[in-house]
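Just so it is clear: in the sequence shown, position 40 is 40 by UniProt numbering, and no numbers are missing.
Have a look at the structure below before the remarks.
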Amino acid sequence: MANFLTEFSWIWLLGIVAILLLSVGMAALASRQSKKLLDIINENAAASWQQQQHLEQLSQQLEQQSQQLKRAHQDVEELRSTVIGVGQRVLTLESHLGQGMLQVAELAEQQKSLHLFDPESKIYSRAMKMVHLGASLDEIMLECELPQAEAELLFNLHKQTK
Numbered sequence: 001m002a003n004f005l006t007e008f009s010w011i012w013l014l015g016i017v018a019i020l021l022l023s024v025g026m027a028a029l030a031s032r033q034s035k036k037l038l039d040i041i042n043e044n045a046a047a048s049w050q051q052q053q054h055l056e057q058l059s060q061q062l063e064q065q066s067q068q069l070k071r072a073h074q075d076v077e078e079l080r081s082t083v084i085g086v087g088q089r090v091l092t093l094e095s096h097l098g099q100g101m102l103q104v105a106e107l108a109e110q111q112k113s114l115h116l117f118d119p120e121s122k123i124y125s126r127a128m129k130m131v132h133l134g135a136s137l138d139e140i141m142l143e144c145e146l147p148q149a150e151a152e153l154l155f156n157l158h159k160q161t162k
């Protein structure tokens, strides 16, 4: 029986050694797995930190662009109100221009009617036409019944512009 106990002790001892070796192997495997897991966690933490930094940068850019958009909107509103003011001024000027054109037309009509009724302007108009047609000074004096000084003046003025 002593032999049995000795064999049993050896088996027992071999079993314990096997368990110890298996435990050491498992511990080494667990250690390698833990190291890999820690590396993955560290990589994820670094990536997360970089993403957080990038997110903060994007947030700052968004805030800056929001401020720029707000300023652009204010500028557009100022331009819109200025354009409205200019448009109103243009309408006022167009109204005044229309009134001025009517007044000019009325004055032209009045001048035309005065010209038709002014016998002296008919004489001078006829004399100018005669100068342009090549009439002599004597012909102009006779035909238009103008004194020599007036006929010479008309003749010289309109002869130069011919």
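All residues carry an ideal CB built from backbone N, CA and C; glycine is no exception.
Sub-9 angstroms separation of residue i and residue j beta-carbons
i, j, result
"Gln148", "Leu157", "no"
"Leu154", "Leu146", "yes"
DSSP state of residue i mapped onto helix, strand, coil
i, result
"Gly134", "coil"
"Leu146", "coil"
CB-CB length for residue i against residue j, believed under 8 angstroms
i, j, result
"Met128", "Glu139", "About 13 angstroms separates the two Cβ atoms, so there is no contact after all."
Where residue i falls, given that 16 or more other Cβ within 10 Å makes a residue buried
i, result
"Ala151", "buried"
CB contact below 9 angstroms: residue i versus chain E
i, result
"Glu152", "You won't find chain E in this structure, because it holds only one protein chain."
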